[in-house]
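Take a look at the structure set out below.
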Amino acid sequence: MQYFIRYRHLNCMIDPRIEWFDVWSCACNGECPVCGMKDIEPVEWTVMDER
Ligand SMILES: [Zn+2]
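So the working numbering is basically just the index in the sequence shown, starting at one, shifted up by 3.
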């Protein structure tokens with residue numbers, strides 16, 4: 004099972020409207036791609052059923 008996860012880093016110092024997507028095997032926290040901040044909580048996620 005895979006999770007398609009949307010993240011957003013509110014008040015990011017580099018890009019305050021940054022949003023990104025990631026695919027993980029769990030709905031885990033992400034890392035901001037522009038400022039490197041860790042433990043960003045998912046905004047929402049979708050379970051992708053393969054096949
Ligand atoms: Zn950031």
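By construction, the Cβ of each residue, glycine as well, lies at the ideal position given by its N, Cα and C atoms.
Within 10 angstroms of its Cβ, does C35 collect 16 or more other Cβ (buried), or is it exposed?
By the 10 Å Cβ count, C35 comes out buried.
Going by the C-beta, is M16 closer than 8 Å to any heavy atom of ligand 1?
At least one heavy atom of ligand 1 is nearer than 8 Å to the Cβ of M16, so yes.
Would you say C31 and I17 are within 9 Å of each other, going by their C-beta atoms?
No.
In three-state terms, what does DSSP make of G33?
Here G33 sits in strand by DSSP.
Indicate whether Y10 and G33 have their beta-carbon atoms separated by less than 9 Å.
Yes. Within cutoff.
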